[in-house]
Amino acid sequence: MKIAILGAGISGTTIARLLAADGHSVTVLEKSDRAGGLCKSRKFGEFTFDEAGGHIMFSKNQEVLRWMKDRSGGDGALVETVRETKIRWHDRWVPYPFENGVGHLTQEAIVECMEGYIEAYVQRRLGVECPSNFRDWIDWRMGEGFAKHFMVPYNEKIWECDLSTMSSGWVAGRVPEAPIKDILSSAIGIATEGYTHQSVFWFPEHGGFEAMVRGTVHGGGFELKVETAVENVRRDGDRYFVNGDEVDLVINTVPLPLI
Numbered sequence: 143m144k145i146a147i148l149g150a151g152i153s154g155t156t157i158a159r160l161l162a163a164d165g166h167s168v169t170v171l172e173k174s175d176r177a178g179g180l181c182k183s184r185k186f187g188e189f190t191f192d193e194a195g196g197h198i199m200f201s202k203n204q205e206v207l208r209w210m211k212d213r214s215g216g217d218g219a220l221v222e223t224v225r226e227t228k229i230r231w232h233d234r235w236v237p238y239p240f241e242n243g244v245g246h247l248t249q250e251a252i253v254e255c256m257e258g259y260i261e262a263y264v265q266r267r268l269g270v271e272c273p274s275n276f277r278d279w280i281d282w283r284m285g286e287g288f289a290k291h292f293m294v295p296y297n298e299k300i301w302e303c304d305l306s307t308m309s310s311g312w313v314a315g316r317v318p319e320a321p322i323k324d325i326l327s328s329a330i331g332i333a334t335e336g337y338t339h340q341s342v343f344w345f346p347e348h349g350g351f352e353a354m355v356r357g358t359v360h361g362g363g364f365e366l367k368v369e370t371a372v373e374n375v376r377r378d379g380d381r382y383f384v385n386g387d388e389v390d391l392v393i394n395t396v397p398l399p400l401i
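So this note's numbering is basically just the index in the sequence shown, starting at one, shifted up by 142.
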């Protein structure tokens, strides 16, 4: 099958490599001068910075984790780090994830968070269905206290939109449900560890996170066309045309607003 992939970020180059390994003829189109997308890194003097935030490598799936490590040069090319992340909340630092650090809040905020969390927990056990939008999902899963003190302001900052306009369908697996025992323990000052699958993570020792993208491209078995903007995509029956070239399938990884 002849396949065109739009965008050479980590998603585009990864699916290209996997499809090429299955014997397909794959071409990746990228408008910039190199692959990378949101995982590009830039060097300033002797330092390397990721352009679009801090990326880290972790996975619950050991096969996926092994694949990512291999693309990044193997274990010897990676730095293993134990997570030590904190959230700035008003005048204090709260351990991440926020619900496991609830004991570090003010007493008033602790009560609000625990009251809301327990109420939400009970409502779910009584069969209240998962809301379809992300804003209501936060109340449904975390309760009004955690929503007020962290989840809503944090996600509004990240997504820069009205959270009620976002589907809740993508959240499953991204926001694990903390055991209520852990939350109660934290509230009375007993330290607990949340999101344990992220407690240890890896990062390329050299080249920033873009090193992983370069690893998916090198020896990937697909054609990468850089400085090639997607001018048009047309469907004619079972066939597709990208910039006038006929293909069997088109896979888009370009941000939807840019299409």
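Built from N, CA and C at the ideal position, the CB exists for glycine as well.
All of these numbers come straight from a predicted model, not from anything done at the bench.
If one requires a minimum length of 3 residues, the beta strand (DSSP E) runs lying completely within the region 215-294 are 220-224, 228-231, 234-237, in chain order.
Considering only 177, 338, 182, the residue with the shortest C-alpha distance to residue 350 is 182. The Cβ atoms of residue 313 and residue 279 sit closer than 8 Å to each other.
Only residues of its own chain outside the window of five on either side were considered, and among them 240 have a CB closer than 6 Å to the CB of residue 292, listed in chain order.
Looking only at 145, 152, 324, the smallest Cα-Cα distance to residue 167 is reached by 145. Spanning the alpha carbons of residue 174 and residue 358 requires a straight line of approximately 17 Å.
Around the beta carbon of residue 334, 16 or more other beta carbons lie within 10 angstroms, which makes this residue buried. Runs of the alpha helix (DSSP H) spanning 4 or more residues and lying entirely within the region 363-389 do not occur at all. DSSP places residue 333 in the coil class of the three-state scheme, outside both helix and strand.
As DSSP reads the structure, residue 169 sits in a beta bridge with 146, 365. Sequence-distant Cβ neighbours of residue 234 in its own chain, meaning closer than 7 Å and more than five residues away, are 246. Excluding sequence positions up to five before and after residue 193, its CB lies within less than 6 Å of the CB of 182, 184, all in the same chain and listed in chain order.
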